[in-house]
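Residues 0 to 419, numbered by numbering that gives the first Met the number 0, are exactly what the sequence shown covers, in order. Think of the CB as a built atom: it goes at the ideal place given N, C-alpha and C, for glycine as much as any other residue. Only a predicted model underlies this, so the values are computations on that prediction, with no experimental measurement involved. Okay, so here's the structure we're looking at.
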Amino acid sequence: MKNSIVEIYIDGQWIPAAEIYILGETVKFEYVPHYAFGDNPLPVSLALPISEPFPNLDGQVPSFLYDLVPQGLGRKYLIEEANRNGLPTSDIALAQIGAFNPIGNIRIDTAVTFFDQWKKRNVVTMPSGFDKKDIVQRSEEFVSHIWMHAMLTAGTTGVQGAAPKFLLTQDYEGLFHADSALSDERSLKHWLVKLPRGKTQIDLDILRIESIYQKIASLIGLRTFGQCEFIGNMMFFERFDREVDNQNNKVTRVHQESLLAAAGISGFPSNVSLFTLTNTIIKHATNPVAEAAEFIKREFLNRALGNTDNHGRNTALQILSNGIVQLTPLYDCAPMFRDPEMIPRSCRWIIDGYEINKLSEILNHLDLSDEAKSILHQSILSFANIFDDLPYLLKEHELEDEWLNLLVSRINSAKELISG
């Protein structure tokens, strides 16, 4: 497979927006002229502004494409289905066949074709929908439905990460369907249902506690969205990359891309400096100070709650329908310090080869004016006060003493780094 069209969803239609050309080990990217010079076009990535329709990337693969590369079970399935070797050099080829229904507002035309051809080779069932009991128990009919519409029984190719996930859409009768199986006119809510990464009790606990962390984040004033509940070893998480207009039966797909994509960083590096990520937010956000504050607060909360899996694709930017660029609501915040795979803290405050941890020193290296840094400093200092109440909030939300005891020193350390 050589070339593909990147399509963007606008006003109920998929519009050709850009073309990618595979040239050996590199990828050439160009906006479609008719799109680029049309009326108020959106970029497919903040790292690729419309003002530069034919960018020279010096052989670098466009970073946003890595947000579309299937991971986890989706990757494994497509490697077998397409007879690929699974090496990193296959990443873009896998996106070309797997990005048929990804998070956000773009897709790749060759993936849509691949999926349509796949469905023709398989019997696609169209049940009337499923309730939560069917999903939690993984009823035979539900598993068959997910398989036919998402190409694997325990996940989907459209979501990043190692943990298996379902993308589901809920209709006006409250029943659930595979996301790609229900038309926008029938869609009430959109859900991401996450399963444990593994089968140990720790894996189950981590997912359960992630749902607690989401509630805590909302209580302490961080940006969250919609419902989040843990049912039968599954976490039902309302998606924020869809805006539903119930009166007009219309769904808007919201632009979303990881911080690595927005920073123009290709691949899956695990050691990107938090300064690089924060300054990327400052560069693109409509309100740079507010969004930098949101990100830094989340990072200190990560430290307090033991979320070591803070890599650059676990935070994303979105472009709302009104044009505002901001961080997405919080996601993937869990006590990963207890994960059986011993996941280390991926991103740190590294500058010139040295790690900085105290807030006062961190602020010195951000691309902001002194006045903006002062406002940012006061915002985060005020946020630090919630750490005194954090153990009580966690206990109120039924976090066991065993876990609380492991977090106390982390919470105290995070507060000290802010105020010390």
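Pairwise C-alpha distance: residue j and residue i
{"i": "residue 235", "j": "residue 176", "result": "14 Å"}
{"i": "residue 356", "j": "residue 221", "result": "21 Å"}
{"i": "residue 30", "j": "residue 308", "result": "34 Å"}
{"i": "residue 18", "j": "residue 34", "result": "11 Å"}
{"i": "residue 110", "j": "residue 76", "result": "14 Å"}
{"i": "residue 101", "j": "residue 114", "result": "13 Å"}
{"i": "residue 59", "j": "residue 404", "result": "46 Å"}
{"i": "residue 155", "j": "residue 54", "result": "Confidence is the limiting factor: at residue 155 the pLDDT is only 42, short of 50, which leaves the residue's position unreliable, though a coordinate-based value still follows. Approximately 32 Å between the Cα atoms of the pair."}
{"i": "residue 262", "j": "residue 43", "result": "13 Å"}
{"i": "residue 69", "j": "residue 419", "result": "42 Å"}
{"i": "residue 5", "j": "residue 276", "result": "25 Å"}
{"i": "residue 410", "j": "residue 181", "result": "43 Å"}
{"i": "residue 194", "j": "residue 233", "result": "5 Å"}
{"i": "residue 202", "j": "residue 192", "result": "15 Å"}
{"i": "residue 166", "j": "residue 46", "result": "27 Å"}
{"i": "residue 32", "j": "residue 280", "result": "28 Å"}
{"i": "residue 350", "j": "residue 273", "result": "9 Å"}
{"i": "residue 243", "j": "residue 408", "result": "42 Å"}
{"i": "residue 153", "j": "residue 366", "result": "Here the model assigns residue 153 a pLDDT of 35, short of 50, so the residue's position is not dependable, and the following value carries that caveat. Approximately 43 Å, taken between the alpha carbons."}
{"i": "residue 224", "j": "residue 145", "result": "25 Å"}
{"i": "residue 354", "j": "residue 298", "result": "15 Å"}
{"i": "residue 264", "j": "residue 63", "result": "9 Å"}
Burial state of residue i, where buried means 16 or more other Cβ atoms lie within 10 Å
{"i": "residue 380", "result": "exposed"}
{"i": "residue 230", "result": "exposed"}
{"i": "residue 36", "result": "exposed"}
{"i": "residue 1", "result": "exposed"}
{"i": "residue 50", "result": "exposed"}
{"i": "residue 140", "result": "exposed"}
{"i": "residue 130", "result": "exposed"}
{"i": "residue 8", "result": "buried"}
{"i": "residue 252", "result": "buried"}
{"i": "residue 352", "result": "exposed"}
{"i": "residue 388", "result": "exposed"}
{"i": "residue 406", "result": "buried"}
{"i": "residue 25", "result": "exposed"}
{"i": "residue 71", "result": "buried"}
{"i": "residue 22", "result": "exposed"}
{"i": "residue 213", "result": "buried"}
Residue from the options whose Cα sits closest to the Cα of residue i
{"i": "residue 417", "options": "401, 98, 362, 392", "result": "362"}
{"i": "residue 368", "options": "346, 282, 334, 217", "result": "282"}
{"i": "residue 413", "options": "115, 402, 385, 52", "result": "385"}
{"i": "residue 329", "options": "128, 239, 90", "result": "239"}
{"i": "residue 210", "options": "198, 194, 224, 228", "result": "228"}
{"i": "residue 93", "options": "118, 67, 116, 117", "result": "67"}
{"i": "residue 327", "options": "402, 20, 294", "result": "294"}
{"i": "residue 304", "options": "393, 189, 241, 347", "result": "393"}
{"i": "residue 215", "options": "391, 21, 350, 195", "result": "391"}
{"i": "residue 339", "options": "196, 63, 188", "result": "196"}
{"i": "residue 200", "options": "248, 337, 168, 353", "result": "337"}
{"i": "residue 266", "options": "292, 89, 185", "result": "89"}
{"i": "residue 104", "options": "202, 388, 11", "result": "11"}
{"i": "residue 318", "options": "62, 370, 52, 40", "result": "40"}
{"i": "residue 198", "options": "163, 172, 219, 174", "result": "163"}
{"i": "residue 322", "options": "366, 285, 335", "result": "285"}
{"i": "residue 48", "options": "28, 65, 57", "result": "28"}
{"i": "residue 185", "options": "224, 132, 127", "result": "127"}
{"i": "residue 475", "options": "371, 375, 347", "result": "Look at the range of the chain in this structure, 0 to 419, and you will see that residue 475 is not part of it."}
{"i": "residue 108", "options": "96, 170, 117, 118", "result": "96"}
{"i": "residue 15", "options": "241, 212, 106, 345", "result": "106"}
{"i": "residue 288", "options": "415, 118, 325", "result": "325"}
Opposing strand residues paired with residue i [DSSP bridges]
{"i": "residue 257", "result": "315"}
{"i": "residue 177", "result": "167"}
{"i": "residue 227", "result": "236"}
{"i": "residue 251", "result": "242"}
{"i": "residue 13", "result": "8"}
{"i": "residue 106", "result": "6"}
{"i": "residue 1", "result": "Answer by DSSP bridge pairing: none, since residue 1 is not bridged."}
{"i": "residue 129", "result": "175"}
{"i": "residue 394", "result": "DSSP lists no partner for residue 394."}
{"i": "residue 188", "result": "169"}
{"i": "residue 25", "result": "22"}
Residue i Cβ short of 7 Å to the ligand SAM heavy atom set
{"i": "residue 350", "result": "As for the ligand SAM, it is missing from this structure, which has no ligand bound."}
Proximity test, Cβ basis, 8 Å: residue i and chain C
{"i": "residue 219", "result": "Checking the listed chains, one finds no chain C in this structure; it contains a single protein chain."}
Three Cβ pairs or more, each shorter than 8 Å: is that satisfied between the segment 388-406 and the segment 312-324? no
Contact between the segment 190-208 and the segment 247-267 is defined here as three or more beta-carbon pairs at a separation below 8 Å; is this criterion met? no
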